[in-house]
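So the sequence shown is numbered by our numbering: it starts at 49 and just counts up by one. Written out below as structure tokens is the structure these notes cover.
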Amino acid sequence: MNSAPNVKWMRQAARLAQRGVATNQGGPFGAVIVRDGVVVSRGFNRVIGTNDPTAHAEVVAIRQACRKLGTFVLSGCEIYASCEPCPMCLAAIHWARMDRVWFACDRHDAARAGFDDARLYDELDKPPTERRLPVVQTFREAGVPAFQAWIAKADRTAY
């Protein structure tokens, strides 16, 4: 894995962000996933075009990379994002086990353009009972059997 960023891939991510804006597919966000010096996948924000609030550039690129590589583990990969990943995208990057995130603009640049992730970061710092969106644990006994089955499953695929 390279320890220095590659401007070529960051420029690709930036061009993808422009494409999302120009095609009215979504906001100004683009992402490129690279492994061993080769681009594995690309994505731009498609929230508007797909009516999918999870279709952020990074998630689009992750889904494409996983399909292409036939795995849900993207270790050995780096992602170039035109902007600092939001909490959802950062979580997806962590779940995919990528090695590094490179980003151009930060969350403050995004906020100036009307994409304010600060609210999400603030919410995550609060206990569930203090968040604006009510998050309530209930009927735990209904969910426990699935976890018990998972724990007992000898051939489960860990992730």
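Even for Gly, the Cβ is constructed at its ideal location relative to N, Cα and C.
Do residue 122 and residue 96 have their CB atoms nearer than 9 Å? For the purposes of this step, residue 122 is taken as residue 74 along the sequence shown, with counting starting at 1. For the purposes of this step, residue 96 is taken as residue 48 along the sequence shown, with counting starting at 1. No, these two residues do not count as a Cβ contact at 9 Å.
Looking only at C-alpha atoms, which of 185, 186, 171 sits nearest to residue 10? No answer is possible for residue 10: it lies beyond the span of the chain, which begins at 49 and ends at 207.
Express the C-alpha separation of residue 181 and residue 63 in angstroms, rounding to a whole number. One-based indexing of the sequence shown puts residue 63 at position 15. One-based indexing of the sequence shown puts residue 181 at position 133. One Cα belongs to residue 63, the other to residue 181, and the distance between them is close to 35 Å.
Could you check the C-alpha separation between residue 132 and residue 88 for me, to the nearest Å? Within the sequence shown, the letter at position 84 stands for residue 132. Within the sequence shown, the letter at position 40 stands for residue 88. When rounded, the distance between both Cα atoms is 20 Å.
Endpoints, the alpha helix (DSSP H) within which residue 169 is located: In the sequence shown, counting from the first residue as 1, residue 169 sits at position 121. Counting along the chain, the alpha helix (DSSP H) containing residue 169 begins and ends at 166–173.
Residue 109 and residue 127 - do their beta-carbons sit closer together than 9 Å? Numbered from its first residue, the sequence shown carries residue 127 at position 79. Numbered from its first residue, the sequence shown carries residue 109 at position 61. For residue 127 and residue 109, yes; Cβs fall inside 9 Å.
Enclosing beta strand (DSSP E) for residue 114 [first to last residue]: On the sequence shown, residue 114 is found 66 positions in, with the first residue counted as 1. Careful: residue 114 lies outside any beta strand (DSSP E), inside the alpha helix (DSSP H) at 105–117.
Is it right to say residue 60 is buried, meaning 16 or more other beta carbons lie within 10 angstroms of its own, or is it exposed? Here the question's residue 60 lines up with position 12 in the sequence shown. Label assigned to residue 60: buried.
Which of helix, strand or coil does DSSP assign to residue 85? In the sequence shown, counting from the first residue as 1, residue 85 sits at position 37. Three-state DSSP puts residue 85 in coil, outside helix and strand.
Are the Cβ atoms of residue 146 and residue 107 separated by less than 9 Å? Within the sequence shown, the letter at position 98 stands for residue 146. Within the sequence shown, the letter at position 59 stands for residue 107. Not a contact, by the Cβ cut-off of 9 Å.
Under the three-state reduction of DSSP, which class applies to residue 134: helix, strand or coil? One-based indexing of the sequence shown puts residue 134 at position 86. Coil, per DSSP.
Express the C-alpha separation of residue 169 and residue 120 in angstroms, rounding to a whole number. As a working mapping, residue 120 is identified with position 72 in the sequence shown. As a working mapping, residue 169 is identified with position 121 in the sequence shown. Each residue's Cα considered, the two are about 26 Å apart.
DSSP puts residue 124 in a beta bridge; with which residues? For the purposes of this step, residue 124 is identified with residue 76 of the sequence shown, where counting begins at 1. Paired residue(s): none; residue 124 is not in a bridge.
For residue 77 and residue 105, believed in contact at Cβ under 8 Å, the rounded distance: The residue you call residue 105 lines up with position 57 of the sequence shown. The residue you call residue 77 lines up with position 29 of the sequence shown. Indeed they touch by this definition, with Cβ atoms about 4 Å apart.
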